[in-house]
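S.K.: Position one of the sequence shown corresponds to residue 12 (the numbering used here), numbered consecutively onward.
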Amino acid sequence: MMRAMPRRSSGRAKGRPSKGTRVVIFPRLPLAAEAALKDLAKRRGLTWSEIGAELVVEGLQRVSELPPSLPARYSSADSEDVTVRIPEAESVKLRALAKRVDRPISIVSSALIEIGLRHAGELPGQIPVQYMTTQEQLLTKAS
């Protein structure tokens, strides 16, 4: 007869720690900004939602760079919806800002992401890009 495997003391495998309460928003990004967001997410190894949340937070810290007038809406031919999960505290700030500028949250969050994209090189946790010089060679298994 086969013996039962010992059980883990915790009962469950541990996952990554919680990021806290999140609120889903749907920024309506112009196509160029959407492509830049997806490219940045790919380079950083994050999901679109994670990098979008970082960019919204960065944009909220630089509200002074918000354009004086935001469009009332974007056409579906020139823009795309993206799903982003932002911290609850940032959601409160975003909603207050949207109310102050009298624009939909999707437009305001899009503008904040675009501000964040302009400052993407300053986001914490990034490794600077390194370019190979002519003296450097790719590593092989032997090296």
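From the three backbone atoms N, C-alpha and C, an ideal C-beta is built for every residue, glycine too. Computed from a predicted model, the values in this text were never measured in an experiment.
1) Find the nearest neighbour of Val95 within the set Lys104, Arg33, Lys25, Pro82, judged by alpha-carbon distance.
2) Should Ala44 go down as buried or exposed, given a rule of 16 or more other Cβ atoms within 10 Å for buried?
3) What is the DSSP secondary structure of Arg40, counted as helix, strand or coil?
4) Since Ser90 contacts Arg39 with CB under 8 Å, what's their CB separation in whole angstroms?
5) Only counting the same chain, and skipping five residues up and downstream in sequence, which positions put a Cβ closer than 7 Å to that of Ser60?
6) Looking at the strands, I want to know which residues DSSP matches up with Ser90.
7) Can you check whether the CB of Ile118 is closer than 8 Å to the CB of Leu48?
8) Can you give, in chain order, each stretch of the beta strand (DSSP E) that sits fully within the segment 50-101 and has at least 3 residues?
9) State the CB to CB distance for the pair Ser120 and Leu105, rounded to an integer number of angstroms; the pair is presumed to be in contact (CB under 8 Å).
10) Please report the straight-line C-alpha distance between Ala52 and Ala107, rounded to a whole angstrom.
11) Taking only the alpha-carbon atoms, compute the straight-line gap between Phe37 and Asp92 and give it to the nearest angstrom.
12) Rounded to whole angstroms, what's the CA-CA distance from Glu76 to Ser29? Just pull it up for me.
M.R.: Well, looking at it:
1) For the purposes of this step, residue 95 is identified with residue 84 of the sequence shown, where counting begins at 1. It is Arg33 whose Cα lies nearest to the Cα of Val95.
2) Counting from 1 along the sequence shown, the entry for residue 44 is found at position 33. So Ala44 ends up on the buried side.
3) Taking the first residue of the sequence shown as 1, we reach residue 40 at position 29. Per the sequence presented here, residue 40 reads as Leu, with Arg not at that position. Strand at Leu40.
4) Taking the sequence shown and counting its residues from 1, the one referred to as residue 90 is at position 79. Taking the sequence shown and counting its residues from 1, the one referred to as residue 39 is at position 28. Yes, Ser90 and Arg39 are in contact; Cβ-Cβ is about 5 Å, under 8 Å.
5) For this step, residue 60 is matched to residue 49 along the sequence shown. Cβ neighbours of Ser60 beyond the five flanking positions: Thr94, Val95, Arg96.
6) Numbered from its first residue, the sequence shown carries residue 90 at position 79. DSSP, once it has assigned bridges, lists Pro41 as partnering Ser90.
7) Start at 1 with the first residue of the sequence shown, and residue 48 comes out as number 37. Start at 1 with the first residue of the sequence shown, and residue 118 comes out as number 107. Against a cut-off of 8 Å, the Cβ pair of Ile118 and Leu48 comes out as no contact.
8) 90-92, 95-98
9) Taking the first residue of the sequence shown as 1, we reach residue 120 at position 109. Taking the first residue of the sequence shown as 1, we reach residue 105 at position 94. So it is a contact: roughly 6 Å between Cβ atoms.
10) As a position in the sequence shown, residue 52 is number 41, starting the count at 1. As a position in the sequence shown, residue 107 is number 96, starting the count at 1. So the two alpha carbons sit approximately 27 Å from each other.
11) Position 26 of the sequence shown holds residue 37. Position 81 of the sequence shown holds residue 92. Approximately 6 Å, taken between the alpha carbons.
12) Position 65 of the sequence shown, counted from the start, is the residue given in the question as residue 76. Position 18 of the sequence shown, counted from the start, is the residue given in the question as residue 29. Taking the straight line joining both Cα atoms gives about 31 Å.
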